[in-house]
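Chemist:
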Amino acid sequence: ELKSFAKPNIAVQKVCECVMILKGLPNVSWSGAKAMMTDTNFLKSLIEFDKDAIKDKQAKELKTYTKDSKFTPEEVTKISSAGGGLLKWVFAMIKYNEVARTVNPKRAAVASAEKLLRTKTKELAKTKLEVEQLSVELASLTEQFQEKTSNQKKLKERAETMEARLSAAEKLLKGLESERLRWAKEMNELDESMTNLVGDCLLTSSFLSYSGAFTFEFRKKFTYDTLYEDLKARNIPVSQSFRLENLLTTDVQLGKWASEGLPTDDLSVQNGILTTKASRYPLCIDPQMQAVRWIKQREGKNLVGKIKTFSDADFLKQLELAVKYGLPFLFENVGEQLDPVIDNVLERRITERNGTKTVRIGDSDVEWDDNFRLYMTSKLPNPSYGPEVSGKTMIINYGVTLIGLQEQLLNVTVKMERPDLEMQRKSLVQETAVNKSLLKDLEDTLLLELSSA
Numbered sequence: 407e408l409k410s411f412a413k414p415n416i417a418v419q420k421v422c423e424c425v426m427i428l429k430g431l432p433n434v435s436w437s438g439a440k441a442m443m444t445d446t447n448f449l450k451s452l453i454e455f456d457k458d459a460i461k462d463k464q465a466k467e468l469k470t471y472t473k474d475s476k477f478t479p480e481e482v483t484k485i486s487s488a489g490g491g492l493l494k495w496v497f498a499m500i501k502y503n504e505v506a507r508t509v510n511p512k513r514a515a516v517a518s519a520e521k522l523l524r525t526k527t528k529e530l531a532k533t534k535l536e537v538e539q540l541s542v543e544l545a546s547l548t549e550q551f552q553e554k555t556s557n558q559k560k561l562k563e564r565a566e567t568m569e570a571r572l573s574a575a576e577k578l579l580k581g582l583e584s585e586r587l588r589w590a591k592e593m594n595e596l597d598e599s600m601t602n603l604v605g606d607c608l609l610t611s612s613f614l615s616y617s618g619a620f621t622f623e624f625r626k627k628f629t630y631d632t633l634y635e636d637l638k639a640r641n642i643p644v645s646q647s648f649r650l651e652n653l654l655t656t657d658v659q660l661g662k663w664a665s666e667g668l669p670t671d672d673l674s675v676q677n678g679i680l681t682t683k684a685s686r687y688p689l690c691i692d693p694q695m696q697a698v699r700w701i702k703q704r705e706g707k708n709l710v711g712k713i714k715t716f717s718d719a720d721f722l723k724q725l726e727l728a729v730k731y732g733l734p735f736l737f738e739n740v741g742e743q744l745d746p747v748i749d750n751v752l753e754r755r756i757t758e759r760n761g762t763k764t765v766r767i768g769d770s771d772v773e774w775d776d777n778f779r780l781y782m783t784s785k786l787p788n789p790s791y792g793p794e795v796s797g798k799t800m801i802i803n804y805g806v807t808l809i810g811l812q813e814q815l816l817n818v819t820v821k822m823e824r825p826d827l828e829m830q831r832k833s834l835v836q837e838t839a840v841n842k843s844l845l846k847d848l849e850d851t852l853l854l855e856l857s858s859a
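Oh and the sequence shown: position 50 is 456 in my numbering, straight run, nothing missing.
#1: Find out if the Cβ-Cβ distance for the pair A839, K662 is shorter than 7 angstroms.
#2: Would you kindly work out how many angstroms separate the C-alpha atoms of R755 and R704, rounded to a whole number?
#3: Out of E585, K469 and D745, state which residue places its alpha-carbon closest to the alpha-carbon of L845.
#4: For the beta strand (DSSP E) containing S770, name the first residue and the last one.
#5: Quick one: residues in its chain with C-beta nearer than 6 angstroms to the C-beta of L637, no 5 flanking neighbours on either side, listed in chain order?
#6: Use the C-beta contact count for E738: other C-beta atoms within 10 angstroms, 16 or more gives buried, fewer gives exposed.
#7: Which value, in whole angstroms, describes the spacing of the CA atoms of A728 and F778?
#8: In this structure, does DSSP put S784 in helix, strand or coil?
#9: Whole angstroms is fine: what's the gap from F455's alpha carbon to S487's?
#10: Would V509 be called buried (16 or more neighbouring beta carbons within 10 Å of its own) or exposed?
#11: Taking the straight line between their C-alpha atoms, what separation do you get for S685 and W774?
#12: DSSP state of F648, grouped into three classes?
#13: Grab me the residues of V698's own chain with a C-beta within less than 7 angstroms of its C-beta, minus the 5 sequence neighbours each way, in chain order.
#14: Measuring CA to CA, which of V496, T483 and A459 is closest to Y471?
#15: Within 10 angstroms of its Cβ, does R625 collect 16 or more other Cβ (buried), or is it exposed?
#16: Check whether the Cβ atoms of E726 and V772 lie closer than 7 angstroms to each other.
#17: To the nearest angstrom, report how far apart A465 and L523 are at their CA atoms.
#18: Under 8 angstroms: do the region 711-727 and the region 744-761 share three or more Cβ pairs, one atom per stretch?
#19: Return yes when the Cβ of V658 is within less than 7 angstroms of the Cβ of S843, no when it is not.
#20: Can you give me the Cβ contacts of I460 inside the same chain, cut-off strictly under 7 angstroms, excluding the 5 residues immediately before and after it?
#21: Taking the straight line between their C-alpha atoms, what separation do you get for G732 and V818?
#22: By DSSP, does I500 sit in helix, in strand, or in coil?
#23: Can you give, in chain order, each stretch of the beta strand (DSSP E) that sits fully within the region 718-745 and has at least 3 residues?
#24: Do you know offhand how far L673's Cα is from E651's?
#25: Give a yes or no on whether the C-beta atoms belonging to I809 and N677 are separated by under 7 angstroms.
#26: With C-beta atoms as the reference, is L752 less than 7 angstroms away from K702?
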């Protein structure tokens, strides 16, 4: 349509000139425009036009055309529809260029920001990895720190404990300085007694087994003369200053016996040893009732209801209770014959089933308690016991000697003449026994603590 115009309307010519300016063609005139439109690829060139290649100079030149208010697609369309269409294209390119001037910097900024974002994202990922590695390392260091701190605390506590122990040990050594000589002497005596232990044990076992029924003089001769000399003749090591009391009892125990009423003469001490250490139950020849008084005071309330004779109707029942509950039992006024009903008890014929010990007394099987203790006393001054009684019991002669009678008579005289002194004596005896027992317990505790420290 436009090519057919020999001399087109000025508005149509301006449209063509605007197209030529946008395409950057020379000879911006109608003749040049006709040449442009004769190109077979003209429409294709408009469709594929590079909108982003519009220069500022082209935009300024186009403004000289578009500033005319009547230069619009609507007005041009009235003259030529093709010209109106081209002008719409021109206006579209101008509008695009104006928008591109605003959008392109933003696009560039967006592209730059996206590039920067990608860079920072990579850096962030790298930083996160480093943070994770540092976190693992920090956790490991924290654990090591806590472990070292705990070890330091333990070492500090141990150091404080050792310092306290060292201080206590120094005080203890200073406090025990006075005991050094006594302990050194006792150690030497113990070393010597270890060598002589075989002979000493032979003498004590012979004394416990055979000498109970005899008088003090016979025991002394039997033990310290006959047996002792026989051991020496056989070159069996035995203590030079051997005494039964040193091996079979202690000062603490002797003090306790004295506080319980047992006289302190040698015969009474030997009788106490035989009563408490013999393997068989004691049968005491006790015409002066010395053994009865001591046993009653020794056992105290445990003997309530458990002092019987073989003629009592309920002695068997009380004996069963004592055996079952581990209590002491005392038979008084025993004759020259023992009731066979207690033979199983005397000989300890104990049976054990499923962890329970029993002994047969009469027609009953009674549970056996190892704490059970049996005593028998006789007022007969010179009884004649057969071998069966001697085999079942430990016969002990409690007959008082002249020395023992003198000591007891002195005690009775003092009690009558000076009861205050007798009370003081008893109090001192009991206090001495308690103090010796306390000293022994303290020494044992001290040695135990020192050995385990």
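We put the CB at the ideal spot given by N, CA and C, even for glycine.
Modeler: Inspection of the coordinates gives the following:
#1: yes
#2: 27 angstroms
#3: E585
#4: S770 to E773
#5: G605 and V644
#6: buried
#7: 7 angstroms
#8: strand
#9: 21 angstroms
#10: exposed
#11: 17 angstroms
#12: coil
#13: D692, E738 and T783
#14: V496
#15: buried
#16: yes
#17: 35 angstroms
#18: yes
#19: yes
#20: L428, M499 and N503
#21: 36 angstroms
#22: helix
#23: 734-737
#24: 11 angstroms
#25: no
#26: no
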